[in-house]
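A.B. asks: In this note's numbering, the protein residues as written are 611 to 1266.
First the structure, which I've put down as structure tokens, then a few questions once you've had a look.
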Amino acid sequence: MNEPEGSDAAFRELVEARWHRWSAVAFLVLQDERQAHDAVLETFVRTHQDWAELPGSPSVSALTALVRRVRDRAESTSNQPPDPSDDLVPIGESEHTARLVTAYAGLPVGPRLALALRAIEDLTDDEIAVVSRSTPAQVAQEVDHGLAELHSVVPPSWSHAQLESALRGALRGRTDRVLADEDPWQTTQLALVTARRRRRRTAGAFVGALVLALVAAGGATVALTDDSPAPQAVHDSPTATSSRTMSTPLDARSTDLTRWPLRGSLRGRLDLLEPLRSSPRLDELSGTQIYIDRFIYAGDVGRSRYVLGYTKDITTNGGPAGVVIWTGPRGAPPRSLQPTLSFGAGASLLTSVHQLPDASGEMLILGPDVPTAVRVSPGPLYHLDGSATRTWTTVALDHGVGTATLPAQGPNSTLVRGESGENAIVEWPFQQSESQPPSPAPSSRYSGDYADLIDQFLSSHRLARTAVSVLDTRTFRFRAPAPAPFDNLGRQSEVTPLPRPDVDWIGSVVVLQRPDGTVFRSGRVRAVTPDPSGNDGAAVVYNAPTDARRWQRRPLLALSTDQEQHQEAVLLAPDAQRVEISGKDSGQVRLTRVAPGVFRGELAARGWFTDPLRLTVRTYDADGRPLGTWPLLTIAETDPDVTGDGLTGGMVTRTY
């Protein structure tokens, strides 16, 4: 068998990316931790040996082999799991969850395997059919059979969707609590060495001994795909109307919203809309006089009422860009609606979300009046291993108008994408923050930077303070050169570099946990005392998803830039006396210890942005003992479903 030459990096990436989830799948099917460990390890050893001859994607090939292996082993043993006992139920697991997991363990192998792949790997029926060498119809039948069996342990009113959602959380929670935490790469390396030695001693010998190495580590996992179409539509038939300020013909089919006619259920009630054209409330939005040249939508969406109007009085880069969005409860008089500004003119899609008092969100989507559909992703799904995936719902536009309902909680990073791949501008009117779940001020225990970081997390995830647990806070103090001063135009300027005296700096890191168990870290590094211009050189990392099992002592990297050239880096590494940085981009980073747990330096790259730097960071305590090894991405790796066109920005999916 040919082993990979020059592909060790790709193989290691596969091992570190898939180990934990594949171990969970194997455990759920086999119901035995040691057998699951052996099956996963043997799969990776064989994949390494056959690397040069693998058909297609190594990930798909390896998962196909693992599925075959665990299915064969499960079918060769009894389908009846051992009787549950107190010591088999992980601490912290509810009785309801334990009953659901126990019932799942008693399912036949086929349904158990299909449900595990859906719950852990987020695979579709088509993808499961590929790796299990079956058909989508057979997979769907197995899933339906399994869910039907599990209905006996949940309320009769539950739908299949509710049951599968609860099962997903229960299975992920069980595997997170039961499976041992270990370093996938070190474990695999030991097994590869053992396999080579046995092949040298006995030609053609099968790999019979698999080695356990229990050390802490983690990795990010990305699902093969997360596309869940669920068409929706509204039925408002547009009627073209005239506008006294119109300078170009109106055309609902145009991709330029400045030419769109009025649409919506109130399109025939211009008498109600006229008072909105000009008012002191509009002028207060931008500090200048605003006049609405044309209304482009007016009507009710679910429990919300929307009015959208285009104005030439708001410009960007010398061109028109202004849309005013009024929102409020369904049926509310237009005069009582709250206005907010959007900068969406010139876009081919425009969306707005009205946040209701119960915290659910109703989205209005406007586009050209042509047969089309858009895809909506309300936000990323975060997993306990620190990874993030997105699900997409297809929304059909009826005469260019569509609606969607967003979940009550979750990150405010909704994406809307047209058929041709363009991204819409998603507007969340600012005044609607009053309708979000209450976020009481942090207790007196948390103040300053901690309070700001916590509040920002609550706001961006639409969560109440009581729903979030603070797992840890860390403060780092050090001295470093003062931030570069701002010039009269508000820019950091060092055209003639001047020596900057050392000043006191502070770094703050807070670790937060959502109700679903996912863990995030936020941090800020700043000068303790701002300069006379108010500049404190702050560098902030918000809401970095983190492996829930390995957040302790995990380093956090904060970057700041001055003069659009120098990328200053500060690594906050709890309890670390020394760090080692490796990986293909390690030459870009040179850090020096400046205080306990604080390492500072510059990136070799210049400019405001660089490509994400892929590194591995190892930390050691004062006695030289290793504290941990972590994969690290610097700056921001944008959501792969975002183009980064400057309008939608993109969700940050850092892995720290």
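Positions of the beta carbon are idealized from the N, C-alpha and C atoms, including for glycine.
Determine the direct distance from the alpha carbon of His964 to that of Val917, and round the result to whole angstroms.
C.D. replies: If you number the sequence shown from 1, residue 917 lands on position 307. If you number the sequence shown from 1, residue 964 lands on position 354. Those two C-alpha atoms are separated by around 12 Å.
A.B. asks: Taking only three categories from DSSP, how would you classify Leu1242?
C.D. replies: Position 632 of the sequence shown, counting from 1, holds the residue named residue 1242. Strand at Leu1242.
A.B. asks: In the structure shown, what three-state DSSP assignment does Trp629 receive?
C.D. replies: Translated into the one-based positions of the sequence shown, residue 629 becomes position 19. Three-state DSSP puts Trp629 in a helix.
A.B. asks: Using the DSSP secondary-structure output, state which residues sit across from Arg1087 in a beta bridge.
C.D. replies: As a working note, residue 1087 is residue 477 in the sequence shown. In DSSP, Arg1087 forms a bridge with Ile1116.
A.B. asks: What residues in its chain sit with their C-beta under 6 Å from that of Trp1240, if we drop five residues either side in the sequence?
C.D. replies: For the purposes of this step, residue 1240 is taken as the residue at position 630 of the sequence shown. Only Arg1164, Val1227 meet the Cβ criterion.
A.B. asks: Name the one or two DSSP bridge partners that Val1011 has.
C.D. replies: One-based indexing of the sequence shown puts residue 1011 at position 401. Answer is Leu976, Asp1008, bridged to Val1011.
A.B. asks: Using C-beta distances below 7 Å, list every residue in its chain close to Leu1237, excluding the 5 sequence neighbours before and after it, in chain order.
C.D. replies: Looking up residue 1237 in the sequence shown gives position 627. Shown here for Leu1237: same chain residues with a beta carbon closer than 7 Å to its own, the five before and five after excluded, namely Arg1163, Asp1185, Ala1186, Thr1229, Tyr1230, Asp1231 in chain order.
A.B. asks: State the start and end residues of the unbroken alpha helix (DSSP H) segment that holds Val1227.
C.D. replies: Mapped onto the sequence shown, residue 1227 falls at position 617. Not the alpha helix (DSSP H): Val1227 falls in the beta strand (DSSP E), residues 1224-1230.
A.B. asks: Excluding sequence positions up to five away, which residues of its chain have a Cβ less than 6 Å from the Cβ of Ser888?
C.D. replies: Stepping through the sequence shown from its first residue, residue 888 is reached at position 278. Excluding positions up to five away in sequence, the list reads Tyr901.
A.B. asks: If Ser742 and Val749 are in contact, beta carbons under 8 Å, what's the gap, nearest whole angstrom?
C.D. replies: To locate residue 742, count along the sequence shown from 1; it is residue 132. To locate residue 749, count along the sequence shown from 1; it is residue 139. The pair is a contact, with the Cβ atoms about 7 Å apart (cut-off 8 Å).
A.B. asks: Assuming contact is defined by CB atoms lying nearer than 8 Å, are Pro988 and Gly938 in contact in what I supplied?
C.D. replies: Counting from one through the sequence shown, the residue named residue 988 turns up at place 378. Counting from one through the sequence shown, the residue named residue 938 turns up at place 328. In this structure, Gly938 does not lie closer than 8 Å to Pro988 by Cβ.
A.B. asks: Exposed or buried, which one is Asp618 when buried takes at least 16 other CB atoms within 10 Å?
C.D. replies: In the sequence shown, the residue the question calls residue 618 occupies position 8. Label assigned to Asp618: exposed.
A.B. asks: Return the bridge partner residues of Glu1212 from the DSSP annotation.
C.D. replies: Translated into the one-based positions of the sequence shown, residue 1212 becomes position 602. Bridge partners of Glu1212: Glu1178, Arg1200.
A.B. asks: Since Arg1087 and Ile1116 are thought to touch, with beta carbons under 8 Å apart, how far apart are those beta carbons, to the nearest angstrom?
C.D. replies: The residue given as residue 1087 occupies position 477 in the sequence shown. The residue given as residue 1116 occupies position 506 in the sequence shown. Confirmed, Cβ separation roughly 6 Å.
A.B. asks: Whether or not the stretch 1152-1161 and the stretch 1191-1202 are in contact is what I'm after, with contact meaning three or more pairs of Cβ atoms, one per stretch, closer than 8 Å; do they touch?
C.D. replies: Below 8 Å, too few C-beta pairs join the stretch 1191-1202 and the stretch 1152-1161 to call them touching: fewer than three.
A.B. asks: Applying the 10 Å Cβ sphere with the 16-neighbour rule, what's the burial state of Pro981?
C.D. replies: Start at 1 with the first residue of the sequence shown, and residue 981 comes out as number 371. By the 10 Å Cβ count, Pro981 comes out exposed.
A.B. asks: Name the residue from Leu757, Gln899, Gln772, Phe621 whose alpha carbon lies nearest to the alpha carbon of Leu717.
C.D. replies: Start at 1 with the first residue of the sequence shown, and residue 717 comes out as number 107. Closest by alpha carbon: Leu757.
A.B. asks: Residues in the same chain with beta-carbon distance under 8 Å from Gln1066, minus the five sequence neighbours each way, listed in chain order, please.
C.D. replies: On the sequence shown, position 456 is the one that residue 1066 refers to. Excluding residues within five positions, the ones whose Cβ falls inside 8 Å are Ser1132, Tyr1152, Asn1153.
A.B. asks: Could I get the ranges of all uninterrupted beta strand (DSSP E) runs contained in the stretch 860-928, with 3 residues as the minimum, in chain order?
C.D. replies: 904-911, 914-926
A.B. asks: Apply the 10 Å Cβ neighbour rule to Val803 and answer buried if 16 or more other Cβ atoms are within range, or exposed otherwise.
C.D. replies: Your numbering for residue 803 matches position 193 in the sequence shown. With fewer than 16 other Cβ atoms within 10 Å, it is exposed.
A.B. asks: Taking 8 Å as the limit between beta carbons, can you name the residues of its chain near Arg913, skipping five residues before and five after?
C.D. replies: Along the sequence shown, one-based indexing puts residue 913 at 303. Cβ neighbours of Arg913 beyond the five flanking positions: Pro939, Arg940, Leu966, Glu972.
A.B. asks: Between Gly932 and Gly977, is the Cβ-Cβ spacing less than 8 Å?
C.D. replies: To locate residue 932, count along the sequence shown from 1; it is residue 322. To locate residue 977, count along the sequence shown from 1; it is residue 367. In this structure, Gly977 does not lie closer than 8 Å to Gly932 by Cβ.
A.B. asks: My guess is that Pro794 and Val625 are in contact by the Cβ rule of under 8 Å, so how many angstroms apart are they, rounded?
C.D. replies: If you number the sequence shown from 1, residue 794 lands on position 184. If you number the sequence shown from 1, residue 625 lands on position 15. The pair is a contact, with the Cβ atoms about 5 Å apart (cut-off 8 Å).
A.B. asks: Given Thr707, which residues of its chain have a CB within under 7 Å of its CB, disregarding the five upstream and five downstream residues?
C.D. replies: As a working note, residue 707 is residue 97 in the sequence shown. Here Thr707 has Ala780, Gly783 as same chain residues with Cβ atoms under 7 Å from its own Cβ, once five neighbours each way along the sequence are excluded.
A.B. asks: Can you tell me where the beta strand (DSSP E) with Arg1136 in it begins and where it stops?
C.D. replies: As a working note, residue 1136 is residue 526 in the sequence shown. First-last of the beta strand (DSSP E) with Arg1136: 1129-1137.
A.B. asks: From the DSSP output, which residues share a beta bridge with Tyr992?
C.D. replies: Locating residue 992 in the sequence shown gives position 382, counting from the first residue. Ala998.
A.B. asks: By how many angstroms is the C-alpha of Glu623 removed from the C-alpha of Val680?
C.D. replies: Residue 680 sits at position 70 when you count from the first residue of the sequence shown. Residue 623 sits at position 13 when you count from the first residue of the sequence shown. Here the C-alpha atom of Val680 lies approximately 23 Å from the C-alpha atom of Glu623.
A.B. asks: Residues in its own chain within less than 8 Å of Arg1124 by CB, not counting five upstream and five downstream?
C.D. replies: Walking along the sequence shown from the start, residue 1124 turns up at place 514. Answer for Arg1124: Tyr992, His1071, Leu1073, Ala1077, Val1078, Phe1130, listed in chain order.
A.B. asks: When the distance is taken between beta carbons, is Leu951 closer than 8 Å to Ser896?
C.D. replies: The sequence position of residue 896 within the sequence shown is 286, counting from 1. The sequence position of residue 951 within the sequence shown is 341, counting from 1. Against a cut-off of 8 Å, the Cβ pair of Leu951 and Ser896 comes out as a contact.
A.B. asks: Classify Gly1207: buried if its beta carbon has 16 or more other beta carbons within 10 angstroms, exposed otherwise.
C.D. replies: Position 597 of the sequence shown, counted from the start, is the residue given in the question as residue 1207. By the neighbour-count criterion, in which a residue is buried when 16 or more other Cβ atoms sit within 10 angstroms of its Cβ, Gly1207 is buried.
A.B. asks: Assuming Leu860 and Arg869 make a contact with CB atoms under 8 Å, what is their CB distance in whole Å?
C.D. replies: In the sequence shown, the residue the question calls residue 860 occupies position 250. In the sequence shown, the residue the question calls residue 869 occupies position 259. Indeed they touch by this definition, with Cβ atoms about 6 Å apart.
A.B. asks: Once DSSP output is grouped into helix, strand and coil, what is the label at Tyr1056?
C.D. replies: What you label residue 1056 is simply residue 446 of the sequence shown in a count that begins at 1. It is coil, neither helix nor strand.
A.B. asks: Please classify Gln772: is it buried, with 16 or more other beta-carbons within 10 angstroms of its beta-carbon, or exposed?
C.D. replies: As a position in the sequence shown, residue 772 is number 162, starting the count at 1. Exposed: under 16 other Cβ atoms inside 10 Å.
A.B. asks: According to DSSP, is Thr785 helix, strand or coil?
C.D. replies: Locating residue 785 in the sequence shown gives position 175, counting from the first residue. Correct three-state label for Thr785: helix.
A.B. asks: What does a CB cutoff of less than 6 Å around Trp629 pick up in its chain, not counting 5 residues either side in sequence?
C.D. replies: Here the question's residue 629 lines up with position 19 in the sequence shown. For Trp629, where only same-chain residues beyond five positions count, the Cβ hits under 6 Å are Pro794.
A.B. asks: Whose C-alpha, out of Gly1144, Pro1140, Leu1166, is nearest the C-alpha of Arg1134?
C.D. replies: As a first step, residue 1134 is located in the sequence shown; it is residue number 524 there, counting from the start. Ranking Gly1144, Pro1140, Leu1166 by Cα distance to Arg1134 puts Leu1166 first.
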